[in-house]
Structures are given as structure tokens and as C-alpha cells.
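Participant: Taking this note's numbering, the leading residue of the sequence shown gets 617, the next gets one more, and so forth.
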Amino acid sequence: MAADGGETTFEAKDPLKIGYSVYDLQNPYWQSYAAGVRAGAEEAGIEVVIADQKSSQQEQVSGSLDLINQGISALIITPVQPSALPSTIDAAHGEKIPVVVADIGTEGDYDGYILSNNYEGGRLAAEHVVEKLGGTPGPHQVGVIELHAGSVVGEERVSGFVDRLGEEENFEIVSSLDGNDTVDGGFTAAQDMLSANPELDVIYAANDDSAVGASRAMETAGVSVANGFTLIGFDGSDPALDLIEQGVMSGTVAQDPFGQGQKAVETALALLNGEDPGYSDEATKTIYFPVEMVTAENVAEFRASRESQGS
């Protein structure tokens with residue numbers, strides 16, 4: 617079977633096999649993503665070969681070429697550095713192989729891009745804040761911990777939050793600082809916010825590591841979720857879920873790497889079969905994957921569902 621992907625004609629080889637070049641299997645997020653890819657391949661009755669690139673751009677370039685040389689019919693890749701994608705995509709297209717980019721970012725003539733709906737996730741976080749505090753006297757002071765400068769994902773997570781909160785008159789964003797995506801960075805950013813704004817009511821962190829750091833700064837400053845403070849992260853990581861269960865964090869916007877991995881396989885097979893992958897945004901060939909708000913009310917159910925996926 618063959619399918620036309622723009623200027624490239626894709627061809628399913630026999631036996632049908634998909635390759636996944638994964639960012640780093642030491643990271644639980646990518647472990648779950650890879651598990652989803654395996655599950656999607658198993659459901660489709662096809663073989664999958666997974667190459668762990670161990671956070672190395674150089675290893676990913678050579679590892680992806682090795683997958684291509686193993687006779688795969690489609691390549692799924694989570695790029696360590698999106699800037700390295702074009703040469704890999706060109707090599708894949710030379711062998712009539714479609715390329716589905718799985719998260720992080722894109723460059724080059726890729727055929728599909730799957731990522732969480734980060735903007736909507738930011739809006740969900742703001743919606744939770746509004747539901748919790750919107751009916752009480754304000755204005756409520758809000759701090760935002762951003763991801764590192766230039767992170768498109770981080771910009772979307774923040775803009776969704778800021779846009780939704782901007783629809784309310786009862787909230788004021790008084791501080792927005794870079795947390796450098798880390799626990800230590802989140803601690804420093806939150807410490808600065810709390811020191812400069814003693815009336816701060818809310819901290820929204822664009823990833824869970826920063827939120828974990830913020831929780832430690834809150835403890836140092838003597839403020840807590842138990843006493844009415846709101847702390848929300850983004851990712852749905854196990855450390856954040858632990859803190860939600862302990863009453864230290866209010867919530868996190870959870871991604872679904874397992875589900876995204878399954879979707880990546882479905883997208884690759886659709887491209888091979890000449891079918892419409894169902895892009896959310898045709899111009900950028902992007903498929904946005906849903907996110908969900910996890911709080912104390914649903915964290916147990918969320919964890920049970922995740923464990924059932926084997927992640």
C-alpha cells in the first residue's frame with residue numbers, strides 16, 4: 617500500500633514495523649509514552665522498535681537513522697533538539713517513511729505533530745482558581761512561574777491561564793517569573809513572589825517541578841493550601857500527585873503520555889494508509905491531545921486509571 621504525503625509517497629513494508637526514537641527512557645513521562653506506543657502497535661498487530669536516545673541529540677540523529685535502516689514503515693520521534701529534525705525527516709522521506717513528531721517541538725517537513733493542548737490546560741488551571749476564589753472578596757493576587765525563556769509549550773500554558781484569568785475582575789497577576797523548569801528554580805521564584813507580595817493568594821506553575829519547589833517556598837513562608845492558598849502545577853507527575861494527596865498542592869493539569877503514544881501510532885498508520893489523521897490544525901499538521909485537571913477530589917481515580925495503563 618502507498619499513500620501520498622505532499623511530495624512524498626509513503627510505503628508500508630512487509631512486515632509492517634514502526635520505530636520510536638524516544639527522548640530518554642530514564643524519565644517516567646517518556647516511559648509512559650513508550651508504553652502507549654507499544655500498546656498502540658500491539659492493538660494494530662504490528663511490530664514496534666524503540667530506541668532510547670538518552671537525552672543526546674547526537675545519539676538521536678544516529679539512532680533514528682539506524683531505525684530507518686532497520687526497514688521501518690513509519691517513524692515516531694520525540695526530538696531532543698527540534699533543530700536536528702530536518703535531516704532525519706529528509707532521510708525518512710527518502711525511504712518513503714512518514715514522520716510523526718511526538719511532543720517537544722518541530723522543524724522541517726514533518727507529517728504529523730502530537731502534543732498536549734497546553735493552552736487549554738492553562739485555561740483549565742485558571743478555571744479552577746476562579747471556581748475556588750472567584751466568589752470571595754478580592755482582588756486576589758496571583759503569581760505565575762513560567763518555563764524557561766523560548767519554551768513554546770511554556771508560553772502556551774501561561775497564555776491560556778492569563779487569558780482566562782483576564783476575563784475576571786477579581787484577580788490580579790502581580791508577578792510572573794522564570795522558574796527554569798526545575799524544583800530549585802520554582803523554589804527561588806516562589807520565594808521572591810511571596811516576599812514581594814505578602815497578600816499573594818495563588819501560584820500557578822507551568823510545570824510540576826516548579827510547583828514542587830513553590831510548595832517548599834510556601835512552607836518556609838508559613839503559607840499553605842490548608843489555610844486557603846492555591847498552588848497549581850502542570851504535568852500530572854507522581855511527585856505532584858503525592859503533594860495533592862497530602863493536601864500540599866491544590867491541583868495539577870495532567871497530560872496523558874500513554875494516550876499520546878497510542879495516538880502517535882494511529883496517526884502514523886493513517887498516513888501510511890492515505891487516510892486523514894484528523895489534524896486539529898491542518899496548517900501545522902498538529903493534533904492536540906486533551907489534558908485534565910487533577911485535584912484532591914479525583915486524584916485517587918486518576919492514579920488508578922494511570923496504573924491500569926501500566927505506566
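We put the beta carbon where it would ideally sit given N, CA and C, even for glycine. None of these values were measured; they are calculated from a predicted model.
#1: Out of R832, E711, V715 and S853, which one is the CA nearest neighbour of I693?
#2: Would you mind working out which of S703, A821, T704 and G795 sits nearest V758, comparing C-alpha positions?
#3: Provide the residue span of the alpha helix (DSSP H) that contains Y735, from first to last.
#4: Let me check one thing: in DSSP terms, what residues is M909 bridge-paired to?
#5: Determine the closest residue to A660 out of A880, L681, S924 and G724, with distance taken between C-alpha atoms.
#6: Our contact map puts V664 next to Y636 with C-beta atoms below 8 Å; I'd like the distance itself, whole angstroms only.
#7: Taking G782 as the reference, which of S680, G724, P644 and G738 has the closest Cα?
#8: Return the residue from the list D817, G721, G656 and N733 that minimises the CA-CA distance to E788.
#9: Quick check on the burial criterion: 16 or more other C-beta atoms within 10 angstroms. Buried or exposed for P814?
#10: Can you find the residues in the same chain that come closer than 8 Å, C-beta to C-beta, to K748, ignoring five residues on each side of it along the sequence?
#11: Of all the options R832, L810 and Y735, which has the alpha carbon lying nearest to the alpha carbon of R780?
#12: Less than 7 Å between C-beta atoms, sequence neighbours within five positions excluded: which residues of the same chain meet that for D825?
#13: Could you spell out the range, first to last residue, of the alpha helix (DSSP H) harbouring Q757?
#14: Kindly indicate which residue of V653, A856, A708 and E762 has the alpha-carbon position closest to the one of R832.
#15: Relative to the alpha-carbon of G770, which residue among N733, G750 and H756 has its alpha-carbon at the smallest distance?
#16: Please work out which residues of its chain come closer than 7 Å, Cβ to Cβ, to I837, disregarding the five sequence neighbours upstream and downstream, and give them in chain order.
#17: Quick one: Cα of A805 to Cα of S767, how far?
#18: To which residues of the same chain is A884 closer than 7 Å at the C-beta, ignoring the five residues directly before and after it?
#19: Looking at the secondary structure, which residues open and close the alpha helix (DSSP H) in which I688 lies?
#20: I need the straight-line Cα distance from T911 to G849, nearest angstrom please.
#21: Looking at the unbroken beta strand (DSSP E) that takes in E663, where does it start and where does it end?
#22: Confirm, please, whether the CB-CB distance from P873 to Y726 is below 8 Å.
Facilitator: Let's see:
#1: Translated into the one-based positions of the sequence shown, residue 693 becomes position 77. Looking at the Cα atoms, V715 is the closest of the given residues.
#2: Numbered from its first residue, the sequence shown carries residue 758 at position 142. Considering only alpha carbons, the answer is A821.
#3: Translated into the one-based positions of the sequence shown, residue 735 becomes position 119. Per DSSP, Y735 belongs to the alpha helix (DSSP H) from N734 to L749.
#4: Here residue 909 corresponds to residue number 293 of the sequence shown, with the count starting at 1. M909 pairs with V869.
#5: The sequence position of residue 660 within the sequence shown is 44, counting from 1. Taking only the C-alpha atoms, the option nearest A660 is A880.
#6: As a working mapping, residue 664 is identified with position 48 in the sequence shown. As a working mapping, residue 636 is identified with position 20 in the sequence shown. Contact flag correct, Cβ pair sits at about 6 Å.
#7: Here residue 782 is taken as the residue at index 166 of the sequence shown, counted from 1. Considering only alpha carbons, the answer is G738.
#8: Taking the first residue of the sequence shown as position 1, residue 788 is located at position 172. Looking at the Cα atoms, D817 is the closest of the given residues.
#9: Against the sequence shown, residue 814 aligns to sequence position 198. The residue in question, P814, is exposed, as its Cβ has fewer than 16 Cβ neighbours within 10 Å.
#10: Translated into positions along the sequence shown, residue 748 becomes position 132. Within the same chain, K748 has close Cβ partners T846 and S866.
#11: As a first step, residue 780 must be located in the sequence shown, where it is residue number 164. Of the listed residues, the one whose Cα sits closest to R780 is Y735.
#12: Here residue 825 refers to the residue found at position 209 of the sequence shown. Same-chain partners within the cutoff: D797, T798, V799 and G802.
#13: By 1-based counting over the sequence shown, the position of residue 757 is 141. Looking at the DSSP string, Q757 is not in any alpha helix (DSSP H); the run it does join, the beta strand (DSSP E), is H756 to E762.
#14: One-based indexing of the sequence shown puts residue 832 at position 216. Ranking V653, A856, A708 and E762 by Cα distance to R832 puts A856 first.
#15: Along the sequence shown, one-based indexing puts residue 770 at 154. The option with the nearest alpha carbon to G770 is N733.
#16: Position 221 of the sequence shown, counted from the first residue, corresponds to residue 837. In the sequence as displayed, the identity of residue 837 is Ala instead of Ile. Cβ within range, chain order: L810.
#17: The residue labelled residue 805 in the question sits at position 189 within the sequence shown. The residue labelled residue 767 in the question sits at position 151 within the sequence shown. Using only the alpha carbons, I get a separation of about 17 Å.
#18: The count along the sequence shown starts at 1 and reaches residue 884 at position 268. Only I634, A690, I692, P714 and V716 meet the Cβ criterion.
#19: Locating residue 688 in the sequence shown gives position 72, where the first residue counts as 1. Premise fails: I688 is in no alpha helix (DSSP H) and is neither H nor E.
#20: Walking along the sequence shown from the start, residue 911 turns up at place 295. Walking along the sequence shown from the start, residue 849 turns up at place 233. So the two alpha carbons sit approximately 11 Å from each other.
#21: For the purposes of this step, residue 663 is taken as the residue at position 47 of the sequence shown. Segment E663 to D668, the beta strand (DSSP E) holding E663.
#22: Here residue 726 corresponds to residue number 110 of the sequence shown, with the count starting at 1. Here residue 873 corresponds to residue number 257 of the sequence shown, with the count starting at 1. Not in contact: Y726 and P873 (Cβ atoms no closer than 8 Å).
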